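Residue numbers (the numbering used here), protein chains in the order written: chain A, 1 to 244; chain B, 1001 to 1383.
Note that CB positions come from ideal geometry on N, CA and C, so glycine has one too.
Please read all numbers here as calculations on a predicted model, not as lab measurements.
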Amino acid sequence: MVYLVAGAQRGDLRAVRESSPEIWRQVRRYNQPVQLALAAAEEVISFAEDPATAAVISLAPCQPGSADLYSWGHVVTAGMSAGTLGNLRMNPTQTLHAVDNLALSAFAIAHKNQSYCLGLGGAAGQAWGALEAVQERLNAGLEEEAILIAGDQDAATDGAPGLGVALLFSVRPKPFESTGRVVRLVSITRTRERTRDVVPHAANGLAAFVSVVEAGRASYVASYVVPPQHTDGLSGVTIDLEIS
Amino acid sequence: MNDKRRTVITGMGALSALGATTHDLWSGLLDNRSGVRRVPRLVESGITVTTGGEVDAVSPDNVDRDHEIANRAIEDALIEAKRDAAECGFIWSTGLDTFQMGPGGFVHRSAGRCFSNLSSSFSGPRRMIAAACASGTQAIGEAFRLIQNGHVDACVAGGSSVMLTPFYLIGFAGLQAVAIDNGDNPSLACRPFDKRRKGFALADGAGAMVLETLAGARQRGARVLAEVIGFGMSQDAFDLNRPCDDGAGAELCMRRALADAALTSEQIDAVNAHATATYSGDLAEAAALRKLFANRWCEVPVSGSKGAIGHAMAAAGVLEAIVAAQTCATGVVPPTVNLRDVDEGCELDHVIAEPRDVNAQTVLSVSFGMGGQNAAIVLKRVS
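Here you go:
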């Protein structure tokens, strides 16, 4: 059995900086998607029994990098035109902004987690593969908790909005922290459905899913059909939940 | 273990600095030959690093180079396995976004979009692995797990990388991870475990494997190249830029792979090492292997492939697993190209200068990624 225990969304880095200075100190050198994913993770991890032994599944952003990194790309282009590439030196912090599994590793370091770790890349619809992986691990009894984290941004330029999402799952039927209801993840099914409406984003689909769970008040069995823009464009995804 | 399905490799494809086939890769290693060389377009760019592992099979001017390199390896693997993509899952890493040099500057290509294009002909699951330099090994491990547990009957697993551009070379030079030119013979740029090692040579490349159930392969009459019998992963949980000195995270993932295979370290016949040729990386890996093998550490042949093909990032783990599979099939361990004088702290039973026929049947292949992500698989000969 797999239960959703907690969910968090963070979209405002200024709020993280002002209200959670300790978290900000941990994440400030990373790029926006990683900062927001880790800030969301810190919110849900307080509900975990043991953050060091939870399976960690992380989604890389579909819009990776940072404004700094893309400015660097322009510097290199200019250097190429001017024949001065040999003089360029890159700030190692910006090199970090290119790393795809950065949120996963930063989380592991912060929580001394050496457990199962799966980084999925920045392709459309990977969130549902991540959710399937959570189900596979917990249903097989390999771990007792799993945390799923994702961060992304609308563009890697200054001022583009970003969003971080974190979900905590457990094999024990604990109430979902924001509603007090027990939310069981029953199944994830896929159907062949091609669509061109995909908008690649690591976090938006999970955020929409959590919003639906948070809105559920009565006891019921629900099927959440993932909107086409949040899929990989090749398959439809339906998530069956039992809320009691 | 008994209720889990046995998983075997029935097809492989490799594009590397040694050539465009798995045969080119294997024969180049047996010849103790390096494909790393001076790359004209890097020389023209004026940067301090001009050597790398170039893939000649696809032109650097081809704007679809990221897709083409991956697709050729995938097609070769499917052809060898006599499989169709539509009946396979796809567990793949396209690494980081690429920034190829074009006439007007850099052309940005999204790794995610490349994966989406590659995956469109596969039935699913379709998972894009993001585990830095451990991606290729982790892709094989994840595919193995999905097949073993009955989630899918066959998968193409692997990775591809197109990063041999000034954009990344300047960045890695800043991290002091790549070997900067100093007048040496370019083919000697990457010297794993050697006293004179200075870092890796960045490379492009792609490696693909078709994995399927042993029962399915036998039913189809497919040729079985090797069996995957164990997979382990770990996080160092130590530092983003360097491994822990004693290789504890690396050792943990290797022990998990052995436990998964229900083996002890005494049953491992050879190791295909990550052998990245960075100062701290090689020391940590050697320390981890010595602890793993305890009093057998000087008896287990160890070989690394990056001296010959450079570091192909997301493709590295699968290219090295292809070499490990060849070792399982032939019993022969290729030499670590460019290793001559083993550095203090890197002592292992290194295979140097020429291949060694030890009738190796069970091989451990390992990868360690930036950020501290580690993955290991165990391959075995199937008689």
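Fill in: chain B within 8 angstroms of I109(A), Cβ atoms only
yes
Worksheet item: With DSSP run on the structure shown, which of helix, strand or coil describes Q1176(B)?
Response: DSSP, reduced to helix, strand and coil, places Q1176(B) outside both helices and strands of the structure shown, so it counts as coil.
Worksheet item: Who are the Cβ neighbours of R1072(B) in its own chain at under 8 angstroms, not counting the five residues just before and after it?
Response: G1013, L1015, A1020, A1057, V1058 and A1206
Discussion item. Less than 8 angstroms between CB atoms is the rule here; does G151(A) satisfy it with respect to chain B?
Written reply: no
Practice prompt. Can you grab the Cα-Cα spacing for the pair S1365(B) / I1074(B), in whole Å?
Written response: Approximately 21 angstroms between the Cα atoms of the pair.
Discussion item. Classify V165(A): buried if its beta carbon has 16 or more other beta carbons within 10 angstroms, exposed otherwise.
Written reply: The residue in question, V165(A), is buried, as its Cβ has 16 or more Cβ neighbours within 10 Å.
Discussion item. If the cut-off is 9 angstroms on Cβ atoms, which residues from the region 159 to 173 of chain A count as contacting chain B, listed in chain order?
Written reply: none
Fill in: Beta-carbon neighbours of D232(A), restricted to chain B and to distances below 8 angstroms
S1116, S1119 and R1126
Discussion item. Helix, strand or coil, according to DSSP, for C62(A) in the structure here?
Written reply: coil
Practice prompt. Quick one: list the residues of chain A neighbouring A1237(B), beta-carbon separation under 7 angstroms, in chain order.
Written response: A108, I109, K112, N113 and Q114
Worksheet item: Does the separation of the CB atoms of A1157(B) and A1139(B) fall below 8 angstroms?
Response: Their beta carbons are under 8 angstroms apart, which means A1157(B) touches A1139(B) by this criterion.
Discussion item. In chain order, what are the residue ranges of uninterrupted alpha helix (DSSP H) at least 4 long that sit wholly in the region 17 to 65 of chain A?
Written reply: 21 to 27 and 32 to 45
Worksheet item: What residues match up with P1301(B) in a beta bridge as DSSP calls it?
Response: D1349(B)
Discussion item. Looking only at its chain, what residues have a beta carbon closer than 6 angstroms to the beta carbon of R1242(B), apart from the 5 residues adjacent to it on each side?
Written reply: S1280
Fill in: Neighbour-count burial assignment, G1102(B), 16 or more Cβ in a 10 Å radius
exposed
Practice prompt. Enumerate in chain order the residues of its own chain whose CB-to-CB distance from G7(A) is below 6 angstroms, with the five nearest sequence positions on each side excluded.
Written response: For G7(A), where only same-chain residues beyond five positions count, the Cβ hits under 6 angstroms are L167 and V210.
Worksheet item: Pairing CB atoms from the region 219 to 239 of chain A with CB atoms from the region 191 to 211 of chain A, are three or more of them under 8 angstroms?
Response: Proximity of the region 219 to 239 of chain A to the region 191 to 211 of chain A meets the contact definition, three or more beta-carbon pairs being nearer than 8 angstroms.
Item to complete: Grab the span of the beta strand (DSSP E) containing F176(A) for me, first residue to last.
Response: Segment: none, F176(A) is in no beta strand (DSSP E) and carries neither H nor E.
Fill in: Chain-ordered chain B contacts of T95(A) [CB-CB under 8 angstroms]
G1171, F1172, G1174 and L1175
Worksheet item: Quick one: any contact between the region 37 to 56 of chain A and the region 100 to 114 of chain A, if contact means 3 or more CB pairs under 8 angstroms?
Response: yes
Item to complete: Can you pull the chain B residues whose beta carbon is under 9 angstroms from the beta carbon of L4(A), in chain order?
Response: For L4(A), there are no C-beta contacts with chain B under 9 angstroms, since the nearest C-beta of that chain is about 21 angstroms from it.
Discussion item. Against chain B, does M1(A) count as a neighbour if the rule is that its beta carbon must be under 8 angstroms from one of theirs?
Written reply: Interface residue (Cβ-Cβ distance to chain B less than 8 angstroms): M1(A) is not classified as such.
Item to complete: Return no unless some Cβ of chain B is closer than 8 angstroms to the Cβ of R89(A).
Response: So, interface residue.
Worksheet item: Rounded to a whole number of angstroms, what is the C-alpha to C-alpha distance between M90(A) and F1172(B)?
Response: 9 angstroms
Worksheet item: Is G1158(B) close to chain A, meaning its C-beta is less than 8 angstroms from at least one C-beta of that chain?
Response: no
Discussion item. Using a Cβ distance threshold of 8 angstroms, determine whether the region 1225 to 1243 of chain B contacts the region 1253 to 1266 of chain B, with at least three qualifying pairs required.
Written reply: They touch, by the three-pair rule.
Discussion item. Give me the residue from D1003(B), G1183(B), G1095(B) and G1249(B) with the minimum Cα distance to I1147(B).
Written reply: D1003(B)
Discussion item. Rounded to the nearest angstrom, what separates L88(A) and T1051(B) at their Cα positions?
Written reply: 18 angstroms
Worksheet item: Residues in its own chain within less than 6 angstroms of F1090(B) by CB, not counting five upstream and five downstream?
Response: S1119, F1122, R1126 and V1156
Discussion item. If we define contact as Cβ-Cβ less than 8 angstroms, is M1001(B) a contact residue for chain A?
Written reply: Note that M1001(B) scores a pLDDT of 43, beneath 50, so its modelled location is shaky; the value from the coordinates is reported in the next line. Output row for M1001(B): interface = no.
Item to complete: Please state whether DSSP places Q1219(B) in a helix, a strand or coil.
Response: helix
Worksheet entry | 8 angstroms Cβ cutoff met for V1333(B) and A1360(B) | Yes, the Cβ-Cβ distance between V1333(B) and A1360(B) is below 8 angstroms.
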